[in-house]
Structure formats: structure tokens, C-alpha cells
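What follows is one structure encoded as C-alpha cells, with my remarks underneath.
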Amino acid sequence: MNKRWEVFQQSSDYRFTPYIMAGDPCEEATIELSLALEKCGAHALELGVPYSDPLADGPVIQRAGMRGLAQNMNLEKTVNLVSKLRERGLKIPVIIFTYYNLLLQLGENRFLKLAESSGVDGVLVPDLPYEESGYLQEMCKEHNLALISLVSPTTREEKLERLSREAEGFLYCISSLGVTGIRSEFRAGLDDFLKAAKRNSRVPVLVGFGLSTREQILQFDGSSDGFIVGSAIVKKIEELESDLLTNREEAIKTFKSYIESLLPVYSR
Amino acid sequence: MTTATVPDHRGRYGVFGGKYVPETIMFALEELETAFDEAIQDKEFNELFQKELAIYSGRPTPLTKADRLSESNGGASIYLKREDLNHTGAHKINNAIGQALLAVRMGKKKIIAETGAGQHGVAAATVAAKYGLSCKVYMGKEDIRRQALNVFRMKLLGAEVIEVTSGSQTLKDATNEAIREWVAAVEDTFYLIGSAVGPYPYPKMVKQFQQVIGHETESQFNEIHKGKLPDAVVACVGGGSNAIGMFAPFIEKDVPLYGIEAAGMGVETAQHAATLSKGSNGVIHGSLTKLLQTSEGQITEPYSISAGLDYPGIGPEHAYLHETKRVTYEAVTDQEALQALKLLCENEGILCALESAHAVAYSLKLAKKMQKDQHIVVCLSGRGDKDVHTLMEFEEGGK
Chain A
445 MNKRWEVFQQ SSDYRFTPYI MAGDPCEEAT IELSLALEKC GAHALELGVP YSDPLADGPV
505 IQRAGMRGLA QNMNLEKTVN LVSKLRERGL KIPVIIFTYY NLLLQLGENR FLKLAESSGV
565 DGVLVPDLPY EESGYLQEMC KEHNLALISL VSPTTREEKL ERLSREAEGF LYCISSLGVT
625 GIRSEFRAGL DDFLKAAKRN SRVPVLVGFG LSTREQILQF DGSSDGFIVG SAIVKKIEEL
685 ESDLLTNREE AIKTFKSYIE SLLPVYSR
Chain B
11 MTTATVPDHR GRYGVFGGKY VPETIMFALE ELETAFDEAI QDKEFNELFQ KELAIYSGRP
71 TPLTKADRLS ESNGGASIYL KREDLNHTGA HKINNAIGQA LLAVRMGKKK IIAETGAGQH
131 GVAAATVAAK YGLSCKVYMG KEDIRRQALN VFRMKLLGAE VIEVTSGSQT LKDATNEAIR
191 EWVAAVEDTF YLIGSAVGPY PYPKMVKQFQ QVIGHETESQ FNEIHKGKLP DAVVACVGGG
251 SNAIGMFAPF IEKDVPLYGI EAAGMGVETA QHAATLSKGS NGVIHGSLTK LLQTSEGQIT
311 EPYSISAGLD YPGIGPEHAY LHETKRVTYE AVTDQEALQA LKLLCENEGI LCALESAHAV
371 AYSLKLAKKM QKDQHIVVCL SGRGDKDVHT LMEFEEGGK
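Sequence lines, in order, name chains A and B.
Counting in my numbering, the first sequence runs without a single skipped number right up to 712 at its last residue.
Counting in my numbering, the second sequence runs without a single skipped number right up to 409 at its last residue.
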């Protein structure tokens, strides 16, 4: 486990992990948005890689992917972008969120070497379930990277136990079925699922998918160790697209106020 | 031979296959695998399936010798396995009946499906009506335009047709949306996949329900030719369900097999859907297979005049049969398919689907290289009513 993960895991805060898409709306904006998120109190950052066929994502992130693709962003450039983020002083763990086909084409070994040397801390592959991830899991360990495990309310009990025990970095609990996107309400029994995940986990248990308001975030404080916000933040970036390209300083200010309005006061 | 050990317990055909899906639907795949394995061991389920094929779909479909077409072509004789004579007009109904019976057995009330040419959508809507299930069909906007007749049929059958406007607005994008819907509704919804693609156990299941095509062909040919096997078997491949069903009983036998992809405007152009001829290994829609993609792994838009072949991936077993060289895969252009369709119409009075026309076109080339006393069987996977609009546009375009 590297120092960045140590800080993340030892924090007593209700951990905030935002998701943004690399290259949305341009590379420099991604860098400044990442730094702004850290300043606002993010404990870790998920950096998405644009993909033509993102099966686990809803329309907001699909559109962000299209914007990233229009900037010719790809997996290799996303990893290189992490190097730039480190040079600019970003200290929190960065997790690359990529679909498996992109990894396969770059080459798993090539990706892992590059990720390790660029200051990447973890990898999340939403279409690579536990059953298919054995090789990558082993290789990630060799390269000092956490392969983030996803568990869902439909994960069988014994599998949830095993995944919780073996999780690296943090355990990602999917709050609701379906693709990424804002939800107005969450399913009953979610607290029990989160508590079951926490029972065996050595790492923080984070809840994600659908969270878009401070009230929703607070709902899971107590049953989880932190939360992930993706679509709501990406939607804000979409709204600010034009300013992020032409009047970035102002756009970043607006973005920061939005993030502050989202977070529980103690998470800032 | 090559296939006795595939798929393995992980759903692998060599390196191909597997389950590359979000964790949210893993339990549904396991539930499906168990239910499917139990069902196919169950005599009652199999008898019910066979009965439905006979009294509802109209099986067995005939094996028709295309005398005039063969004579005018001047080579081996060509037989047509008439899947076009199935209820709803294509082989798709075989698999739709099988999966719908399984859905009912599993207690599911809702089905979702994706469709390209609309034949699978019509088949899914049909079985949903017959077995009292609700049905949503995802279809790309471009395919809705090309296949207006089938869209109307689906709606008449009570299905909800959902227009997909992302990407190329064709089968690939309809499949993405169907999977996204399935991830959200996985607890009470059965995803009825129409081709031999997708995560395991779908490729195995679709083959199981489509192999009736090959078994009937073998016994019909055997009866005509006193115990002989065909000298070649030809089928078109998009995802590859009619082909895998047709090939199934012949794979372990000494019969040359040919899978025909869509070369569109030509495999030397960017306008084709020739996955095996031009693709590379990658993951699409839940399985590792051959697909059309950029060097960075972005999936590229395929093209074919035929909506059913317009797909950037292919069933993982076909990728395996290609790699092991058990099946020869060739590509046929739009023009060649159109010419073959006309020849078949004019010589045999049969209007086949544009998909099937690709197989017919290749069989004509193949027959010319063979002897007059040899026999080719072509899977005529569906009828061409749905394509009349496309054919008219083509004629009016003066091409």
C-alpha cells in the first residue's frame, strides 16, 4: 500500500471521491478541475477514460465520454495526465476508471507499468467482474496498484464476503441497480447491504451511483465510510463547458461553489 | 476435432467468450446458467420446445433444391434450408421460443430484446404475445428507418419499440441500450438476446436453440442422398446465430463449412462489417471476441446494406472456429448480395433476406469451383419482405 492510500484509509472523515472524465471538455480543464476538487476536500479522485461503448454508464457520462473522445483523449493520455497532476501538486489517490477493451488494446502490462510510474494508485474496470479479473488482480499487486472491487445489492452473500475481505484501496458499493446517473430515491435495505459489506472489509467502504445532493450523501453517513459522486459533477462540468474552455478561472470558481454546496459541511 | 471441449466451465471458446459485464448482472447470468442447464436436461422442457417449434413455428422447414439457380450457375447443385418459411419469417423464432419458454420457467414476466433488421424484435414480440410477457425492443433509429415494416409488426404484437439515437443508431447501440436497461431491471427481467453473442451462457444457449436448423438439414439431406453428407454448408454471419445453428451438427464431421460476412462497399474500404476478416481480439457486449475497433480500442461503426449483418462483433464461438480454421469465413459485398438476391428471385421465385443473400452469393462462387455431382446447402435464414423498402431505394438510386 502506498502513502496516498495510507492517508486515505487512515482518515476519519466521511470520504469524498468525485468522478470526472479525462479530457472533458479539454485536458487543461481536467487538470484544474482535479486540483479544485482536492482543494474542496476530495479524498481521492476517479478519472474516467472516454469510451465509445460505456455499458455501465448513463447518458450524462456517455456524453462526457463523447466530449473526451472529441479531444482525442485515450487511456495512455489519461495515465500521462496523472503525471501532470502530480507535477501540479495533486496528493490524493487517483483511480483510473476504464472499460476493459481499452486496457486490452493498450496492453495490460504496458498500462500497469505506465500507471505505476505516472502516480496512478488504482484501477477500476466496471465490465471486469471478479470472475474475470484474476490476472489483472495479481498484476496490479506487482505494480503497487489497487484494483477496485465493485459490489452491488445483487451480489451473493458469500461473494460479498470474499470481495470485502480481499478489497484493495476501497470497496465500491453500488447503491442501486442500473447505470450511472442521478437517482431521486434509493432502494430499501441499502443500509443492511452497506453494513454487510463493512463487516468484512479491511478498507473503507464507499457508496456510489446516483448521489447528487447533500441530503442523499448524509443518508449513508454511518452505514458507509465515504461516497462517490459522478454524474452530478459531470453534469455541472457539462453546464460549464463553454466557460471551462474560454473563461476557465471563473468557471472553476463556480465549480468550487457547486462542490461546496454538495458536500456535508464536515467533509470540506 | 476442435470443439468437443468448448465452451469450458468459464464459458470460454479458447481465449474467446467469458462474462465481461458489470457486477450488477453477474447473479442474473449465474441464475440463467443454472436454469438453462437444468432445462436442457429436462425431457419435458425439450418436448415442449420441440412441440412449439412444430405446431407454432411450422417446423421442420423444407430443404429445397434450387434446380434452376444451380443449372444457370453451372456447377455444384445448391440446396436451400428454408428458415424463411418459419412463422415470422426467419430463423430468429427458434431461439425466441426457446428463451421465452425458459423465461416462463424462471418465473420472469418481462422480456427485453435488441434488434437490427427487426426479425429478432418481431420474434421476441411474437413470443411475448404468445406466452403473456411484456416486451420492450431496443432498435437503432437508422434501423427503424430501414425496417419500418418490422417496427409496425412489433407494435401490432404489443411490444414497445424504443428508439436508440446514440452512436451509429444501429444494432451495436441498440444492444448497448438493452444491456443498460437490463442492468437496471435485472431482478425481474429476462434479456432475450437474438444472436450467438453476449456473455456466457448466451452464446451456448442460442446455439442450443438454433441447432435444430443443422440437425434437420442433416437428416433431410441424408434422406435425399442416402446417408451422404453435404459437400459444403454455407451461412451468413453477423452475430452468427443462424450459422452456428446450421454448423452445429457438422462441426465434428468432415464437411467444409463457410461463414459469410458483409463486405459492404468492400473490405478494402472502411465501409464493411467483416469482423473476422478485418477485426481484432477485444471485448464487446459481454464477451471477448473479434471486433472492429481502432488501435486504441474504440469500437468502430460497421456498415452493410443488410441491417442484420451491420454489427462490429461476432459470436465468440465463430471467433474460435475462425482461429482454429475449422470454418472458412469469407466476405461478400452489397453488390454481390444484391445480384444473388435477384438471381434467386428470378430463378426460384424466392425473395430472401439481404442477410441470406450474402450466403447465396458465396454459394454461387463456391458452386462454380465444384463438380456437378457435388452439393452445397445454404441456410436461407429469412425472407426478404422486410428489405423491400431498401431494395426499392437501391433500384431508384439507379445503382
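Glycine included, every Cβ here is placed at the ideal spot set by N, Cα and C.
Keep in mind that this is a model prediction, so the values were computed, not measured.
The beta strand (DSSP E) enclosing residue i, as first and last residue numbers
i	result
residue 340 of chain B	337-343
residue 462 of chain A	459-465
residue 20 of chain B	Residue 20 of chain B -> no beta strand (DSSP E), and no H or E assigned at all.
residue 410 of chain B	Residue numbering for chain B in the displayed model covers 11 to 409; residue 410 of chain B lies beyond these limits and cannot be assessed.
residue 122 of chain B	120-125
residue 291 of chain B	290-294
residue 35 of chain B	Here residue 35 of chain B belongs to no beta strand (DSSP E), and DSSP marks it neither H nor E.
residue 268 of chain B	267-274
residue 333 of chain B	Not the beta strand (DSSP E): residue 333 of chain B falls in the alpha helix (DSSP H), residues 326-333.
residue 247 of chain B	No beta strand (DSSP E) contains residue 247 of chain B, which DSSP labels as neither H nor E.
residue 490 of chain A	489-492
Option nearest residue i by Cα separation, candidates the options
i	options	result
residue 713 of chain A	A:593, A:460, A:603, A:446	What is shown of chain A runs 445 to 712, which leaves residue 713 of chain A out entirely.
residue 451 of chain A	A:568, A:527, A:536	A:536
residue 469 of chain A	A:706, A:683, A:445	A:683
residue 35 of chain B	A:596, A:612, A:462	A:596
residue 299 of chain B	B:361, B:19, B:30	B:30
residue 507 of chain A	B:175, B:17, B:352	B:175
residue 62 of chain B	B:76, B:96, B:39, B:79	B:96
residue 621 of chain A	B:194, B:207, B:289	B:194
residue 292 of chain B	B:259, B:302, B:340	B:302
residue 308 of chain B	A:603, A:569, A:497	A:497
Residue environment, residue i, which counts as buried when at least 16 other CB atoms sit within 10 Å
i	result
residue 579 of chain A	exposed
residue 123 of chain B	buried
residue 561 of chain A	exposed
residue 25 of chain B	exposed
residue 661 of chain A	buried
residue 378 of chain B	exposed
residue 514 of chain A	exposed
residue 130 of chain B	buried
residue 81 of chain B	exposed
residue 712 of chain A	The predicted model places residue 712 of chain A with a pLDDT of 47, which falls under 50 and marks its position as unreliable; any figure quoted below should be read in that light. Exposed, by the Cβ-count rule.
residue 493 of chain A	buried
residue 343 of chain B	buried
residue 72 of chain B	exposed
residue 199 of chain B	buried
residue 11 of chain B	Legend: pLDDT at residue 11 of chain B = 44, less than 50; position of this residue unreliable, value from coordinates given subsequently. That one is exposed.
residue 545 of chain A	buried
residue 465 of chain A	buried
residue 164 of chain B	buried
Run of the alpha helix (DSSP H) containing residue i, from where it starts to where it stops
i	result
residue 173 of chain B	Counting along the chain, residue 173 of chain B falls outside any alpha helix (DSSP H), though it belongs to the beta strand (DSSP E) covering 170-174.
residue 385 of chain B	Careful: residue 385 of chain B lies outside any alpha helix (DSSP H), inside the beta strand (DSSP E) at 385-390.
residue 596 of chain A	No alpha helix (DSSP H) contains residue 596 of chain A, which DSSP labels as neither H nor E.
residue 480 of chain A	471-483
residue 548 of chain A	544-550
residue 362 of chain B	Segment: none, residue 362 of chain B is in no alpha helix (DSSP H) and carries neither H nor E.
residue 726 of chain A	In the structure as shown, chain A starts at 445 and stops at 712, and residue 726 of chain A therefore has no counterpart that could be examined.
residue 683 of chain A	675-683
The ligand GDP heavy atom lying under 7 Å from the CB of residue i
i	result
residue 146 of chain B	This structure lacks the ligand GDP, and indeed carries no ligand of any kind.
Task: Contact residues within the segment 149-182 of chain B, judged by C-beta distance below 8 Å to chain A - done: 176, 177, 182
- [ ] Assess, as a yes-or-no matter, whether the segment 85-101 of chain B is touched by the segment 205-225 of chain B under the definition of 3 or more beta carbon pairs within less than 8 Å.
- [x] yes
- [ ] Would you be able to state if there are at least three C-beta pairs under 8 Å between the segment 111-121 of chain B and the segment 388-399 of chain B?
- [x] no
Task: chain A contacts from the segment 19-41 of chain B (Cβ-Cβ distance under 7 Å) - done: 28, 29, 30, 31, 32, 33, 34, 36, 37
Task: Under 7 Å (Cβ pairs) to chain B, residues found in the segment 554-586 of chain A - done: 570, 571, 572, 573, 575, 576
Task: Selection of the segment 601-625 of chain A by Cβ proximity to chain B, strictly under 7 Å - done: 618, 621, 622, 623
Task: chain B contacts made by the segment 484-498 of chain A, where a contact means CB separation under 9 Å - done: 494, 495, 496, 497, 498
Open item on the list: Short of 9 Å Cβ to Cβ, which residues in the segment 280-297 of chain B face chain A?
Closed with: Listed in sequence order: 290, 291, 292, 293, 294, 295, 296.
Task: Contact list for the segment 673-686 of chain A against chain B, Cβ threshold 9 Å - done: none
Open item on the list: I want to know whether the segment 167-187 of chain B touches the segment 319-329 of chain B - three or more CB-CB distances under 8 Å.
Closed with: By the Cβ rule, the segment 167-187 of chain B counts as touching the segment 319-329 of chain B, because three or more pairs are nearer than 8 Å.
Task: Residues within the segment 459-471 of chain A neighbouring chain B, beta-carbon criterion of under 7 Å - done: Among the residues of the segment 459-471 of chain A, none has a Cβ less than 7 Å away from any Cβ of chain B.
- [ ] Determine, using beta-carbon pairs with one atom in the segment 140-147 of chain B and one in the segment 159-172 of chain B, whether at least three such pairs fall under 8 Å.
- [x] yes
Open item on the list: Whether or not the segment 350-361 of chain B and the segment 207-218 of chain B are in contact is what I'm after, with contact meaning three or more pairs of Cβ atoms, one per stretch, closer than 8 Å; do they touch?
Closed with: no
Task: Under 8 Å (Cβ pairs) to chain A, residues found in the segment 198-215 of chain B - done: none
TODO: Could you say if the segment 358-366 of chain B and the segment 226-235 of chain B meet the contact criterion of at least three C-beta pairs nearer than 8 Å?
DONE: In short, these stretches do not touch, since the Cβ pair count stays below three.
Open item on the list: Contact between the segment 257-273 of chain B and the segment 514-523 of chain A is defined here as three or more beta-carbon pairs at a separation below 8 Å; is this criterion met?
Closed with: no
- [ ] Name, going along the chain, the residues of the segment 110-133 of chain B whose beta-carbon falls closer than 7 Å to a beta-carbon of chain A.
- [x] none
- [ ] Kindly confirm or deny that the segment 45-62 of chain B and the segment 642-661 of chain A touch, where touching means at least three C-beta pairs closer than 8 Å.
- [x] no
Open item on the list: For the segment 236-260 of chain B, list every residue whose C-beta sits within 9 Å of some C-beta in chain A, in sequence order.
Closed with: The residues in question: there are none.
Open item on the list: Along the segment 316-350 of chain B, where does the CB come closer than 7 Å to a CB of chain A? Name the residues.
Closed with: Against chain A - using a Cβ distance shorter than 7 Å - the segment 316-350 of chain B contributes no residues.
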